[in-house]
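Quick note: to get my numbering, add 69 to the position in the sequence shown (first position is 1). Using N, Cα and C, we set each Cβ at its ideal position, and we do this for glycine too.
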Amino acid sequence: MEPMSTCKLFGAIRALIGIKNTIPIIHGPRGCAYHIRYLLSVRSGSRIRICSTELSQEDVVFGAENKLKETIITVDRTYKPDLIPVLTSCSTSIIGEDIQKVARELKDEINADIIAISAGGFESDQSGGYEEVLETLIKSITIPKKTKGKTENPSINLIGVFRGGPDLLELKKALKRMGIDINCVLTSGSNLEDIKNIPLAHLNYSFCDISGIIPCKILREEFGTPFVYYPFPMGFSNSLNFFKTLIDHFNLDYPIQREYDKLKPSIDYFRQKLNGYKAAIIAGPTRAIALASFLKELGMTPVLISIDLIGEYTLKELK
Numbered sequence: 070m071e072p073m074s075t076c077k078l079f080g081a082i083r084a085l086i087g088i089k090n091t092i093p094i095i096h097g098p099r100g101c102a103y104h105i106r107y108l109l110s111v112r113s114g115s116r117i118r119i120c121s122t123e124l125s126q127e128d129v130v131f132g133a134e135n136k137l138k139e140t141i142i143t144v145d146r147t148y149k150p151d152l153i154p155v156l157t158s159c160s161t162s163i164i165g166e167d168i169q170k171v172a173r174e175l176k177d178e179i180n181a182d183i184i185a186i187s188a189g190g191f192e193s194d195q196s197g198g199y200e201e202v203l204e205t206l207i208k209s210i211t212i213p214k215k216t217k218g219k220t221e222n223p224s225i226n227l228i229g230v231f232r233g234g235p236d237l238l239e240l241k242k243a244l245k246r247m248g249i250d251i252n253c254v255l256t257s258g259s260n261l262e263d264i265k266n267i268p269l270a271h272l273n274y275s276f277c278d279i280s281g282i283i284p285c286k287i288l289r290e291e292f293g294t295p296f297v298y299y300p301f302p303m304g305f306s307n308s309l310n311f312f313k314t315l316i317d318h319f320n321l322d323y324p325i326q327r328e329y330d331k332l333k334p335s336i337d338y339f340r341q342k343l344n345g346y347k348a349a350i351i352a353g354p355t356r357a358i359a360l361a362s363f364l365k366e367l368g369m370t371p372v373l374i375s376i377d378l379i380g381e382y383t384l385k386e387l388k
């Protein structure tokens with residue numbers, strides 16, 4: 070079974086649409102924006118805001134920096150976003166359109182912050198696009214802000230691919246009970262101020278070894294913020310170890326083992342029901358690692374694990 074993967078531009082857009090009041094501009098033909106918008110809308114069930122310069126054949130032959138400038142100014146005046154990321158597509162990467170120069174020239178002419186990302190689909194896969202967005206946000210927005218100090222309460226940033234919605238809601242609730250705040254999720258549900266204030270957190274945490282490790286290392290080098298990688302807290306042992314890591318790091322007095330012990334009868338019950346069943350897992354590495362561990366806890370045997378990407382810790386965690 071061959072896992073499916075897509076291009077760098079898709080991964081970059083996926084990261085950017087998680088930031089509130091942000092409108093990415095794809096500098097390329099209309100098809101790039103259409104297909105990415107369509108796919109992400111189907112997956113999320115929500116309206117995805119992406120603009121495009123909609124290049125013609127003549128634009129690709131003769132260049133279209135002026136069209137890009139006009140599009141940026143129009144988006145800024147019409148939609149009033151906090152952030153405008155400008156991204157190349159395959160065609161504009163091939164012809165060498167200088168989006169960095171355009172971004173510099175318009176920086177003081179528009180109200181929104183602007184960043185430029187080289188995202189030609191052939192340059193990398195979706196993980197490379199996601200990771201480059203995180204690096205660009207940190208280098209272009211977080212580091213220049215030079216935010217000093219730390220939050221009063223223990224706090225963490227979640228760095229890397231992270232699906233929001235119910236997962237994030239439950240995680241925030243659980244951490245709140247322990248006295249820990251989530252300072253910023255890069256990029257699920259964050260806003261521009263959250264990204265500027267990333268250094269305020271005491272710890273950076275990544276569940277994703279594909280896109281989260283390098284951004285965490287940059288933040289450690291620039292601000293001295295330690296980081297931890299651990300599989301997604303899905304299942305009993307992964308969740309227990311995740312919370313124990315934070316309790317130990319912040320030296321908190323919280324009875325996490327007692328809460329876990331309350332769940333043990335449920336674990337034993339489902340293990341009796343599911344013991345011996347076989348399972349196939351088809352997912353990204355972040356969830357595949359967590360699911361494999363969870364199914365083993367329930368007495369099941371993962372006989373097939375199909376993942377599209379392999380990160381720094383993926384194979385080690387799957388053993």
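Thr205 and Arg99 have their C-alpha atoms spaced approximately 25 Å apart. Taking 9 Å as the cut-off, the beta carbon of Ser224 is found closer than this to the beta carbon of Leu272. Listed in chain order, the non-local C-beta contacts of Ile316 below 8 Å within the same chain comprise Met247, Tyr323 and Ile325, local neighbours out to five positions each way being set aside. Ile141 is the residue among Ile141, Lys136 and Leu109 whose C-alpha sits nearest the C-alpha of Asp177.
For Cys253, the enclosing beta strand (DSSP E) covers residues Asp250 to Leu255. Annotation for Thr370: Gly345, Tyr346, Lys347, Ala348 and Leu364 place their beta carbon closer than 8 Å to its own, counting only its chain and skipping 5 residues before and after. Membership of Asn307 in the alpha helix (DSSP H) is indicated by the continuous run Phe305 to Phe319. Straight through space, the alpha carbons of Ile86 and Thr294 are spaced by roughly 26 Å.
Where Ser224 is concerned, the enclosing beta strand (DSSP E) starts and stops at Ser224 to Ile228. For the set Asp182, Ile164 and Ser196, the Cα lying nearest the Cα of Ile82 is the one of Ser196. Here Pro154 is bridged, per DSSP, to Ile184.
A distance below 7 Å between beta-carbons, with the five flanking residues on each side excluded, links Ile283 to the following residues of its chain, in chain order: Glu200 and Glu204. By the beta-carbon neighbour count (other beta carbons within 10 angstroms, threshold 16), Pro213 is exposed. Bounds of the alpha helix (DSSP H) holding Ile82 are Lys77 to Leu85. Under the three-state reduction of DSSP, Ala172 is assigned to helix. Your pair Ser193 and Lys77 checks out as a contact, with CB atoms roughly 4 Å apart and the cut at 8 Å. With a contact defined as Cβ atoms closer than 8 Å, Gly132 and Ser162 miss out at about 13 Å. Look at His104 here: in three-state DSSP terms it is helix. Note on geometry: alpha-carbon atoms of Ile207 and Asn226 lie some 13 Å from one another. Buried is the label assigned to Thr122, since at least 16 other Cβ atoms lie within 10 Å of its Cβ. Bridge pairing for Phe296: Asn273 [DSSP].
Each residue's CA atom was taken as its position, placing Ser160 and Lys219 some 44 Å apart.
Sequence-distant Cβ neighbours of Ser110 in its own chain, meaning closer than 8 Å and more than five residues away, are Arg116 and Ile117.
Within a 10 Å sphere around the beta-carbon of Ile184 sit 16 or more other beta-carbons, which makes this residue buried. In this structure, the straight-line span from the alpha carbon of Ser362 to that of Ile186 is close to 36 Å. Out of Phe79, Ala243, Arg340 and Thr91, the CA that lies nearest to the CA of Tyr103 is found in Phe79. When the alpha-carbon of Asp377 is set against those of Asn307, Pro354 and Leu152, the nearest one is in Pro354. The three-state reading of DSSP puts Ile212 in helix, counting H, G and I together.
Closest in C-alpha terms to Ile153, from the list Phe292, Tyr107, Tyr298 and Ile179, comes Ile179. Asn135 and Lys170 have their C-alpha atoms roughly 12 Å apart.
Excluding its 5 nearest sequence neighbours in each direction, Asp145 has C-beta neighbours in its own chain below 7 Å: Ile153, Ile179, Asn180 and Ala181, listed in chain order.
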